[in-house]
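Start counting the sequence shown at 32; every next residue gets the next number (our numbering). Accompanying notes for the structure given below.
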Amino acid sequence: MNRFNRLLSDNAIELLRREIENICNMVKCYTSKTSTSFVIDQKSIDEIVDTHVFGFSKSIRFAIIMNMISEKQGNCLKKELESKLEALVRIGAEKDIIQT
Numbered sequence: 032m033n034r035f036n037r038l039l040s041d042n043a044i045e046l047l048r049r050e051i052e053n054i055c056n057m058v059k060c061y062t063s064k065t066s067t068s069f070v071i072d073q074k075s076i077d078e079i080v081d082t083h084v085f086g087f088s089k090s091i092r093f094a095i096i097m098n099m100i101s102e103k104q105g106n107c108l109k110k111e112l113e114s115k116l117e118a119l120v121r122i123g124a125e126k127d128i129i130q131t
């Protein structure tokens with residue numbers, strides 16, 4: 032891989048990782064009962080998350096098609112997002128159990 036392609040790949044991965052953090056921060060915000068002045072039900076949160084995950088998958092697909100990242104890197108990024116979201120859901124469920 033030449034220097035330009037390596038730089039392009041590194042930048043694409045960095046941008047996709049930032050998107051992972053943005054999605055996780057959004058989920059934290061919506062699920063934190065103290066950070067919002069309004070209540071969002073779980074179904075709405077699920078819809079919002081699904082929409083963002085779908086968009087993230089499309090971004091990964093684009094990066095793969097444009098040869099910015101490999102299929103393997105794309106799968107790793109998807110798994111990274113999924114595991115972070117699962118951890119957030121688990122933490123949220125634990126908080127609900129403790130507060131109940």
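In this text, a Cβ means the ideal position worked out from N, Cα and C, and glycines have one as well.
Check: At the level of alpha carbons, what is the spacing between N42 and K89?; Outcome: 17 Å
Check: So for S101, helix, strand or coil by DSSP?; Outcome: coil
Check: Are the CB atoms of M99 and S40 within a distance shorter than 7 Å?; Outcome: yes
Check: Does H83 come out as helix, strand or coil in the three-state DSSP assignment?; Outcome: helix
Check: So, under 8 Å CB-CB, E50 and F87 are touching, yes? Tell me the CB distance rounded to an integer number of Å.; Outcome: 6 Å
Check: What first and last residue would you give for the alpha helix (DSSP H) that runs through S40?; Outcome: R34 to T62
Check: Please go through the same chain and pick out, in chain order, the residues whose beta-carbon is closer than 6 Å to the beta-carbon of L119, but skip the five residues on each side of it.; Outcome: V58
Check: Step through the CB atoms of chain C and report whether any lies within less than 7 Å of the CB of S63.; Outcome: Absent here is chain C; the protein component of the structure consists of one chain.
Check: Taking C-alpha atoms, which residue in L46, V80 and I91 lies nearest to C60?; Outcome: V80
Check: Given a cut-off of 7 Å, decide if L108 and L47 are closer than it, judged by their beta-carbon atoms.; Outcome: yes
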